[in-house]
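Quick notes on the structure that follows.
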Amino acid sequence: MRLAPGAVAEVDLSRVDLFDLDLYTSGDPHPIWDVMRTEAPLHHQVLPDGREFWSVTRYDDVCRVLGEHRDFTSERGTVVTHLGVDDVAAGRLLTSTDPPRHTQVRRAIGTALTARVMAPWEDRIRRAIVHFLEPALDGGTFDLAERALRLPAVVTGPLLGIPERDWDDLVQLTAMVTAPSDPHFHHGSDAATLAIAHHELVTYVTDWVARRRAGGGGGDGSLLDHLMRVRLNGSPLTDEEIALDGYSILLGANVTTPHTVSGTVLALVERAEQFAKVQADPSLIPNLVEEGLRWTSPACNFMRYAVDDVRIGGGTVPAGGAVVAWIGSANRDESQFPDPHEFDVTRNAKGHVAFGFGPHYCIGAPLARLTLRVFFSELLRQFGSIELDGEPQHLRSYFIAGMTHLPVVARRRTTP
Amino acid sequence: MESSPRVRRREDRGEVSDSPEPAGAPAALVREVSGLWAEYLGGREIAADDDFFALGGNSLIGIKIIDRMARDYGVELSVRGFYLAQTPARVAELIEQGRTRQ
């Protein structure tokens, strides 16, 4: 999807189709969300097959839907691709579990992912990123979006415990989960694409755990190893929980960060003054990262189901209704971010909800932030300029906002 | 969004036959596969060309069915092959092919 709204056309909210994949591939949802926030903060849509959902687009409402699990449960699924089909992994997959169980498991897993635990990985991440950027500096065309899909695997592979030979397969599988309709990732049908990817990812973790058990001996200190060692009131996670949460962590790591990388680079390419500003003052890099997260919002939405009739956004979601919280819209809510469609590296964007809000706030956020800070510090240190070398191509997905192609040409920085 | 797997599959395979039960799989085997699926898909009657996903199938059920077929028939089906085949008749054909190769 385009990240800056084009000319504002007339928007007829009664005819808006938020599941129209063309809207995200070649169109522009921002003008629609703008109108929804003002005129229909609770929006109802019925799909041609009869499934229906409610949408919230305002910042405060999005936070409420994501944060208040007593009103909006995660236990029937949280990903819009599965609207209307109850999550088969409910209560076992961490993202599809409500407190109190969620709180216990999340705390146990989260101890391996805090900023303090991540810090010693910085040098290793920097080396991986320098290596990643090297080919862009030989003057030829560099397809940043395509290559960035592999970046999280390069950076987090060792930390997760995944050997390099498996990265490309896993990157392909996680992309299939998030954009089953995109021609780059489609196999047969959307349902088959999703099933193949879920199946192979869950089996991958299951086999990893089985090999580790069979091998005996000590752990390798990786995150998957940590999942095997977690104890809740003295009991380990079940093998199924390890497989599902391992799958979820692979997914979360792989499919979001690349799009913040490419979308933020594109924003800088299109705004030479912003590029110059942050290059002149590297202390702005953490700010650039937060603004880039707000701007790109790669996890475009998450879904919850209303537990009872709930009043929100000036209307009522009936008990059992699916509610989609549009993160991409909340991050452009002008009550929270003045001039929301301006990309501004000096803005305080810290309140953005790109990582979600409340109990399910992204468990990998410290690692994502570290990766992005190192990425942009290396990019700005080494690159004097970046120019577009072709049309960006957008991901065919209403769940993940991102790009599949972003051809750029970079010049090495010559000034100190 | 709604795909037409039957049409696409036939194109993929270069077939022109409309037969729901391909010559490669004996009817008895197709019935066994249908019966086996029924155990994991709510116990209702399943026809030879019913669609796995339309029956409510998902990857966690697929994992169990593929494991079970490996035990029962000694054939390790490829994950992609299974989900793209999508019906008992086609899956029976894959089992038959796997047996022939052994």
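In order, the protein sequences belong to chains R and S. The numbering used here puts the first residue of the first sequence at 1182, with every later residue one more than the last. The numbering used here puts the first residue of the second sequence at 399, with every later residue one more than the last. Where is the CB? At the ideal position from N, CA and C, for every residue including glycine. Quick caveat, the model's predicted, so the values are computed rather than measured.
R/His-1541 and S/Thr-498 have their C-alpha atoms some 50 Å from each other. Residue state for R/Leu-1199 is assigned as coil, using DSSP reduced to three classes.
R/Val-1504 is positioned such that its CB atom lies no closer than 8 Å to that of R/Lys-1458. Here DSSP, grouped into helix, strand and coil, assigns R/Val-1590 to strand.
One Cα belongs to R/Ile-1544, the other to R/Ile-1430, and the distance between them is close to 9 Å. In terms of beta-carbon proximity, S/Val-431 stays away from the interface with chain R, with every pair separated by 8 Å or more. When C-beta distances to chain R are compared with 9 Å, the residues of the segment 465-490 of chain S below that value are Val-477, Arg-478, Phe-480, Tyr-481, Leu-482 and Gln-484, in chain order.
Only those residues of the segment 451-463 of chain S whose C-beta falls short of 7 Å from the nearest C-beta of chain R are listed: Phe-451, Asn-456, Ser-457, Leu-458, Gly-460 and Ile-461. Below 8 Å, too few C-beta pairs join the segment 1398-1412 of chain R and the segment 1370-1384 of chain R to call them touching: fewer than three.
The three-state reading of DSSP puts R/Leu-1332 in helix, counting H, G and I together. With respect to R/Leu-1432, R/Thr-1355 sits close: the two C-beta atoms are nearer than 8 Å. If you draw a straight line from the Cα of R/Ala-1591 to the Cα of S/Ala-423, it is about 57 Å long. Taken atom to atom, the span from the alpha-carbon of R/His-1586 to that of R/Ile-1290 is near 34 Å. As summarised for the segment 1459-1519 of chain R, the continuous beta strand (DSSP E) elements at least 3 residues long and confined to that stretch are 1482-1487, 1491-1493, 1496-1498 and 1503-1507, given in chain order.
The C-beta of S/Leu-427 has 16 or more other C-beta atoms within 10 Å across all chains shown, which makes the residue buried.
Under a criterion of Cβ atoms nearer than 9 Å, the residues of chain S adjacent to R/His-1368 are, in order, Arg-478, Tyr-481 and Leu-482. Where R/Ser-1566 is concerned, the enclosing beta strand (DSSP E) starts and stops at 1564-1569.
With distances taken between CA atoms, R/Glu-1249 lies nearest to R/Val-1488 out of R/Pro-1588, R/Val-1488 and R/Thr-1595. In the DSSP secondary-structure assignment, R/Val-1237 is bridged to R/Leu-1223 and R/Ala-1506.
With respect to R/Val-1237, R/Ile-1493 sits close: the two C-beta atoms are nearer than 8 Å.
In the structure shown, S/Thr-498 adopts helical secondary structure according to DSSP, grouped into three states. In the DSSP assignment, no residue is bridged to R/Arg-1183. According to the DSSP assignment, R/Ile-1581 belongs to no alpha helix (DSSP H), since it is labelled neither H nor E.
The way I'd put it, the segment 1246-1260 of chain R doesn't touch the segment 1547-1562 of chain R; fewer than three beta-carbon pairs between them come closer than 8 Å. DSSP places R/Arg-1282 in the helix class (H, G or I) of the three-state scheme.
For R/Ile-1377, the nearest beta carbon of chain S is closer than 8 Å to its own beta carbon. S/Ser-432 and R/Pro-1301 have their C-alpha atoms spaced approximately 54 Å apart. For R/Phe-1366, there is no enclosing alpha helix (DSSP H), as DSSP marks it with neither H nor E. With a cut-off of 8 Å on Cβ pairs, the segment 1306-1317 of chain R is in contact with the segment 1331-1347 of chain R, counting three or more such pairs.
Counting C-beta pairs closer than 8 Å gives three or more between the segment 1260-1276 of chain R and the segment 1569-1583 of chain R, which meets the contact rule. Not a single CB atom of chain S sits nearer than 8 Å to the CB of R/Val-1197. Secondary structure at R/Pro-1316: helix, using DSSP grouped into helix, strand and coil.
Using a Cβ-Cβ distance cut-off of 8 Å, the segment 446-460 of chain S and the segment 480-493 of chain S are in contact, since at least three pairs of beta carbons, one from each stretch, lie closer than that value. The Cβ neighbour count for R/Gly-1444, taken over all protein chains shown within 10 Å, is at least 16; the residue is labelled buried. With respect to R/Ala-1546, R/Arg-1475 sits apart: the two C-beta atoms are not nearer than 8 Å.
Boundaries cannot be given for R/Thr-1259, as no alpha helix (DSSP H) includes it and DSSP labels it neither H nor E.
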